[in-house]
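Engineer: Shown below is the structure under consideration.
Numbering (my numbering), first residue to last: 877 to 1043.
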């Protein structure tokens, strides 16, 4: 098979927001929490995160809609094989994607086509309102989307309980 044709087939395509459904993978701008970062002093990404600027990341659609979609974003931490050592409560904030190792109780989701160790941020759902986005051909299975959503809910409940106990 011609590798040029094969690579074009897998390139992201621009689609309308209202065509997206759970499991679709898109490239979209999200505002990343400072708590979700490793510090790479002086990098543009670090500066953007510190200032609350939206940064384009691969994301999985959790919930479709007409005018907006809810997503969670993927990150590789500069192609690291493990989460940064300073991260605490990793099960509350990060869902590993194979070949990322299991570092807490969550077993990694199935490997993506790009075969990179990566994690889905569980901190919050991000709302995307752009009229169109870049969509990857690859999708996540419903079981993975359901696992992410379930873990986000559980994580939110645990964080709420911890805050309540501190009050």
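Where a beta carbon is used, it is the ideal one built from N, C-alpha and C, also for glycine.
Please go through the segment 905-966 and give each complete beta strand (DSSP E) segment of 3 or more residues, from N-terminal end onward.
Structural biologist: For the segment 905-966, whole beta strand (DSSP E) runs of length 3 or above, ordered along the chain, are 931-939, 945-951.
Engineer: Along the chain, where does the beta strand (DSSP E) that runs through residue 994 open and close?
Structural biologist: Taking the chain shown and counting its residues from 1, one reaches residue 994 at position 118. Per DSSP, residue 994 belongs to the beta strand (DSSP E) from 994-997.
Engineer: In whole angstroms, what separates the C-alpha of residue 861 from that of residue 954?
Structural biologist: Examination of residue 861 is not possible in this model, given that the chain is present from 877 through 1043 alone.
Engineer: Can you give me the C-alpha to C-alpha distance between residue 962 and residue 913, rounded to a whole angstrom?
Structural biologist: The residue labelled residue 962 in the question sits at position 86 within the chain shown. The residue labelled residue 913 in the question sits at position 37 within the chain shown. The alpha-carbon atoms of residue 962 and residue 913 are separated by roughly 10 Å.
Engineer: Does residue 1039 come out as helix, strand or coil in the three-state DSSP assignment?
Structural biologist: Counting from one through the chain shown, the residue named residue 1039 turns up at place 163. In this structure, residue 1039 counts as helix in the three-state DSSP scheme.
Engineer: Which two residues bound the contiguous beta strand (DSSP E) that contains residue 1008?
Structural biologist: Translated into positions along the chain shown, residue 1008 becomes position 132. Where residue 1008 is concerned, the enclosing beta strand (DSSP E) stretches over 1008-1015.
Engineer: Measure the beta-carbon distance from residue 910 to residue 925 and round it to whole angstroms, keeping in mind my assumption that it falls under 8 Å.
Structural biologist: Position 34 of the chain shown, counting from 1, holds the residue named residue 910. Position 49 of the chain shown, counting from 1, holds the residue named residue 925. Going by Cβ atoms, the distance from residue 910 to residue 925 rounds to 6 Å, so yes, they are a contact pair.
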